[in-house]
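Asker: Pasting a structure below so you can have a look.
Protein chains: 2
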Amino acid sequence: MKSANKRIPSYMKVYNQIKDLILNETYPIGSFVPREPDLCNMFDVSRTTVRKAMALLEQEGFVNIQQGSGTEVLDRKTTQKLNRVTSFSETLEAKGYTVQSKSMHIDMFIPSNNILNDLNLPSENQVVRIQRIQLANNQPIAIITNYIIPDLVPGILSDTGTFVSLYKHLESKYGIKITAARDTIRARSADFLESELLELPIGSPLLIDYRITYSLSKPIEAVVMIVDASKYEFSISLSGRP
Amino acid sequence: MKSANKRIPSYMKVYNQIKDLILNETYPIGSFVPREPDLCNMFDVSRTTVRKAMALLEQEGFVNIQQGSGTEVLDRKTTQKLNRVTSFSETLEAKGYTVQSKSMHIDMFIPSNNILNDLNLPSENQVVRIQRIQLANNQPIAIITNYIIPDLVPGILSDTGTFVSLYKHLESKYGIKITAARDTIRARSADFLESELLELPIGSPLLIDYRITYSLSKPIEAVVMIVDASKYEFSISLSGRP
DNA sequence: AAGTGGTCTAGACCACGAA
DNA sequence: TCGTGGTCTAGACCACTTA
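Going down the list, the sequences are from chains A and B. Here the first sequence stands for residues 333 to 574, numbered as in the working numbering. Here the second sequence stands for residues 333 to 574, numbered as in the working numbering.
So this is what it looks like as structure tokens:
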């Protein structure tokens with residue numbers, strides 16, 4: 333058994349059961365769930381536990397809790413997949429493309445001072461560089477370059493081709509969990525080399541995503557993604573006050 | 333008095349005091365805050381209250397709470413302003429530009445079916461359209477068009493020029509609070525009209541942000557922002573698993 | 001005024017991490 | 001094993017919304 337017999341907190345049980353009742357429309361959209369003392373009786377738990385479960389449901393956009401009036405079930409179609417940038421392959425596959433890596437190259441490299449600064453590394457410091465050309469329906473669509481702090485990923489140089497998702501690889505092999513990211517999205521025209529690699533006319537618009545990923549507020553890696561703008565767009569869903 | 337004498341929950345007092353102790357480096361980065369029972373004694377509150385305060389601090393990236401080991405103070409430089417797209421004027425002002433609206437036009441308009449669909453409105457439905465040209469250091473930099481569900485903003489047609497921030501106007505005059513947003517960011521080349529309005533050569537790369545804003549999971553408005561890509565970039569900060 | 005969620009307590013026991 | 005945070009209870013009182 334890998335991770336089977338873990339105790340499930342009762343607020344998670346309450347959370348799951350209420351979520352099911354919402355999803356199977358026992359509590360339909362627009363209706364109100366029972367008041368908290370009643371939920372306590374239904375699940376035989378204290379109000380603290382009910383409230384923790386409801387707070388989770390509110391955070392995920394299932395309900396709107398309002399003091400004085402009650403807890404309303406929301407139409408969740410519009411608030412799914414909150415707080416994230418949709419991933420590259422996910423977006424393309426939703427559009428009907430088949431996504432794969434053309435090839436991958438891993439080496440050591442001294443990046444620009446901007447990148448070293450974002451990674452909290454000194455000048456002239458080497459990092460692990462992973463270069464990939466991404467294909468959609470066998471057409472080149474993006475050039476992706478990762479710059480990873482080398483101390484965190486010993487031995488990664490020999491992992492060429494052994495992983496598909498870099499983030500899953502970092503978590504499973506090195507125990508690194510990405511907890512935050514900062515993306516900067518720009519656009520500019522393709523230069524000669526980019527136009528050759530992506531098989532585009534020179535001057536075609538490109539989307540550039542520069543991302544720093546963090547684990548526990550420490551930077552882990554920087555990524556530059558250069559994409560054919562005619563075939564790609566970024567989707568971002570955010571909850572909370574803008 | 334507008335909203336002065338509101339009772340402050342004691343978990344907020346605890347939250348603010350611990351935040352101050354972190355900011356003035358009584359609890360420096362890398363150190364551990366006192367264990368929860370000690371915090372209870374220090375602030376004379378129950379552990380529930382301390383834990384609510386600490387949960388807030390963790391959510392905002394001040395600390396990392398770890399069962400078994402303790403609560404560590406994090407370096408917060410890297411995790412500020414999480415979960416939002418930085419606003420237009422904010423980004424430009426950080427770069428030293430002075431931002432203002434050149435002019436504003438408000439009318440009724442029948443938008444594309446895509447927009448009507450995103451706003452859950454039927455075909456041929458009119459919406460309130462707000463068109464603006466944004467200036468940075470007196471140079472045109474962006475064309476912004478808002479499409480708002482008309483029932484939500486009666487009388488807004490006469491508000492031309494009476495507001496700077498649309499979202500603050502919606503909240504103060506109509507009580508509409510934006511709670512979520514979905515952005516799609518694309519890039520393409522400027523056509524003739526765009527190049528005239530933004531004073532750019534035809535074919536220059538443009539960034540396009542299409543945003544739907546929501547209040548309590550109901551769509552409120554759609555926005556199209558067309559920006560000179562050489563002068564602007566989007567920054568997005570996200571916390572949580574990618 | 002009635003009914004809802006919001007805050008808070010004091011104490012108990014469980015589960016994880018490091019020594 | 002010991003010290004930390006994680007979960008949970010039963011009950012109390014406060015504050016907001018609606019009518």
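Just so it is clear, CB atoms sit at the ideal spot from N, CA and C, and this is done for glycine as well. Fair warning: this is a prediction, and the values are worked out from it, not measured in the lab.
Using a Cβ cut-off of 7 Å, pull out every chain A residue sitting near B:P537, in sequence order please.
Answerer: Simply A519, R520, S521, P537.
Asker: For the region 460-532 of chain B, list the alpha helix (DSSP H) runs that are entirely contained and at least 4 residues long, ordered along the chain.
Answerer: Segments of the alpha helix (DSSP H) lying fully in the region 460-532 of chain B: 498-506, 524-529.
Asker: Grab the span of the beta strand (DSSP E) containing B:N457 for me, first residue to last.
Answerer: It is not in any beta strand (DSSP E) - B:N457 carries neither H nor E in the DSSP assignment.
Asker: So, with DSSP's three-state summary, where would you put A:N396?
Answerer: Strand, per DSSP.
Asker: Does B:I548 have its Cβ less than 8 Å from a Cβ in chain A?
Answerer: In the sequence under discussion, the amino acid at residue 548 of chain B is Leu, which differs from the Ile named in the question. Taking Cβ atoms only, chain A reaches closer than 8 Å to B:L548, which makes this a yes.
Asker: If I follow the unbroken alpha helix (DSSP H) through A:P369, where does it start and stop?
Answerer: It spans 368-375 - the alpha helix (DSSP H) in which A:P369 sits, taken as one unbroken run.
Asker: Distance check for B:N356 and B:S444, CA to CA, integer angstroms please.
Answerer: If I take the Cα positions, the gap works out to 53 Å.
Asker: So B:L548 and A:N396 are supposed to be a Cβ contact under 8 Å. How far apart are they, rounded?
Answerer: Contact holds; Cβ gap of about 6 Å.
Asker: Do B:I476 and B:V555 come within 8 Å of each other at the CB atom, strictly closer than that value?
Answerer: Yes. Within cutoff.
Asker: Residues of chain A with CB closer than 9 Å to the CB of B:S569, please, in chain order.
Answerer: Result: A512, A513, R514, D515.
Asker: Sort out for me which residues DSSP pairs A:P443 with in a bridge.
Answerer: According to DSSP, which records beta bridges pairwise, A:P443 is partnered with nothing at all.
Asker: Let me know the secondary structure DSSP gives B:V559 once reduced to three states.
Answerer: The answer is strand: DSSP assigns B:V559 an E or B state.
Asker: What separation, rounded to the nearest whole angstrom, lies between the Cα atoms of A:L414 and A:Q398?
Answerer: Summary for A:L414: the model assigns pLDDT 49, below 50, so the residue's position carries little reliability; its value from the coordinates is reported in the next sentence. Their Cα atoms are separated by approximately 21 Å.
Asker: Tell me which same chain residues have a C-beta within less than 6 Å of the C-beta of A:D407, skipping the five on either side of it?
Answerer: These residues qualify, in order along the chain: I361.
Asker: B:E565 CB to nearest chain A CB: under 8 Å?
Answerer: Yes, B:E565 counts as interfacial toward chain A.
Asker: May I have the straight-line CA-CA distance separating A:G428 from A:R379, to the nearest angstrom?
Answerer: Each residue's alpha carbon lies about 47 Å from the other.
Asker: Anything in the region 549-562 of chain B with a Cβ closer than 7 Å to a Cβ of chain A? List those residues in chain order, please.
Answerer: Hits within the stretch, in order: S549, P551, A561.
Asker: What residue does the beta strand (DSSP E) around B:E404 start on, and which one ends it?
Answerer: Here the beta strand (DSSP E) through B:E404 covers 402-405.
Asker: Mapping the DSSP letters down to three states, classify A:S567 as helix, strand or coil.
Answerer: A:S567: strand per DSSP, three-state reduction.
Asker: Along the beta strand (DSSP E) that carries B:I540, what are the first and last residues, could you check?
Answerer: Its beta strand (DSSP E) spans residues 537-547.
Asker: Taking only three categories from DSSP, how would you classify A:K427?
Answerer: Coil at A:K427, not helix or strand.
Asker: What do you get for B:N478, buried or exposed, if any count of 16 or more other CB atoms within 10 angstroms of its CB means buried?
Answerer: The residue in question, B:N478, is buried, as its Cβ has 16 or more Cβ neighbours within 10 Å.
Asker: For the structure I just gave you, are there three or more beta carbon pairs, one from the region 539-553 of chain A and one from the region 513-522 of chain A, closer than 8 Å?
Answerer: Yes, they touch.
Asker: Measuring alpha carbon to alpha carbon, tell me which residue in B:R461, B:N457, B:A513, B:Q471 is nearest B:S433.
Answerer: It is B:Q471.
Asker: Specify the secondary structure class of A:S342 as computed by DSSP and reduced to three states.
Answerer: Of the three classes helix, strand and coil, the one that applies to A:S342 here is helix, per DSSP.
Asker: Would you kindly check if the distance between the Cβ of A:I552 and the Cβ of A:I481 is under 8 Å?
Answerer: Going by C-beta atoms, A:I481 is nearer than 8 Å to A:I552.
Asker: Below 8 Å CB to CB, which residues in the same chain sit around A:M440 once its five sequence neighbours on both sides are set aside?
Answerer: Same-chain partners within the cutoff: Q458, V459, V460, R461, P482, L489.
Asker: Excluding sequence positions up to five away, which residues of its chain have a Cβ less than 7 Å from the Cβ of A:K509?
Answerer: Closer than 7 Å at Cβ, skipping near neighbours: E503, S547.
Asker: Identify, in the order they occur along the chain, each residue of the same chain with its Cβ nearer than 7 Å to the Cβ of B:E425, setting aside the five sequence neighbours on each side.
Answerer: Cβ neighbours of B:E425 beyond the five flanking positions: V431.
Asker: Throw me the rounded Cβ distance for the B:Y359 and B:A385 pair, which I believe falls under 8 Å.
Answerer: That belief does not hold up - the Cβ atoms of B:Y359 and B:A385 are roughly 14 Å apart, past 8 Å.
Asker: Of the residues B:R339, B:P366, B:I340, which one's Cα is nearest the Cα of B:I350?
Answerer: Ranking B:R339, B:P366, B:I340 by Cα distance to B:I350 puts B:P366 first.
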